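Mapping of the sequence shown onto the numbering used here: position 6 corresponds to residue 63, and the numbering continues sequentially without gaps. Virtual Cβ for every residue (Gly too), placed ideally from N, Cα, C. A quick note: this is a predicted structure, and the numbers were derived from the prediction, not measured.
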Amino acid sequence: MKKILVIDDEVPTLDMLELFLGACGYEVLVAENEAAGMEIFEKERPGIVLTDIKMPGKDGLTILKRIKEISAGTEVIVITGHGDKDLAQRAFELEASGFLNKPLDTAELNDALERAEERLKRSGASD
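Listed below in structure tokens is the structure:
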């Protein structure tokens, strides 16, 4: 089963994504903050990470940058409730594989996951 990590400080969002992604066949790992998320990432090394941009402490762009430093092949999809085009541009400059606005649209999320999976296949990465 493919692992996916979701980092978001909003518990309802974590719960919804855990249910949705689980139904899509993923083993879902969840974290409510950057520190917990990075700890899980370093231990489990999931192929895909979804992270919120705006959280207390370190933001999603910092998480994206750290994950890419540790594992350049990991696909990171950034989610936000703020719809900021500058944030989206910065995320893509840091090699995010997707940028989604809250509330999440399941079709857009599926598209982002398919793109991430395809990039993982092309790179030869697993999990």
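*Check LYS111 in the structure and name its three-state DSSP category.*
In the structure shown, LYS111 falls within a coil segment according to DSSP collapsed to helix, strand and coil.
- Expressed to the nearest angstrom, what Euclidean distance is found between the alpha-carbon atoms of ARG179 and GLU89? Each residue's Cα considered, the two are about 31 Å apart.
- prompt: Looking only at DSSP bridge pairs, what is GLU132 linked to?
  reply: Residue pairing of GLU132 in beta bridges, as defined by DSSP: ILE105.
Exercise. Between which two residues does the alpha helix (DSSP H) carrying LYS122 extend?
Worked result: First-last of the alpha helix (DSSP H) with LYS122: 117-127.
Between which two residues does the beta strand (DSSP E) harbouring ASN158 extend? Counting along the chain, ASN158 sits inside the beta strand (DSSP E) bounded by residues 155-158.
TODO: Following the continuous beta strand (DSSP E) through GLU84, name the residue where it begins and the one where it ends.
DONE: First-last of the beta strand (DSSP E) with GLU84: 83-88.
* If I'm right that GLU132 touches ILE110 with Cβ under 8 Å, what's the distance once you round it to whole angstroms? => Between ILE110 and GLU132 the Cβ distance is about 16 Å, and since that is not below 8 Å, they are no contact.
Subject >> Beta-carbon contacts of GLU84 that lie in its chain and below 6 Å, excluding the five residues immediately before and after >> reply: Around GLU84: MET58 and LYS60.
Is it the case that the stretch 92-104 contacts the stretch 68-80, given that we only count it when at least three CB pairs across the two stretches are under 8 Å?
The way I'd put it, the stretch 68-80 doesn't touch the stretch 92-104; fewer than three beta-carbon pairs between them come closer than 8 Å.
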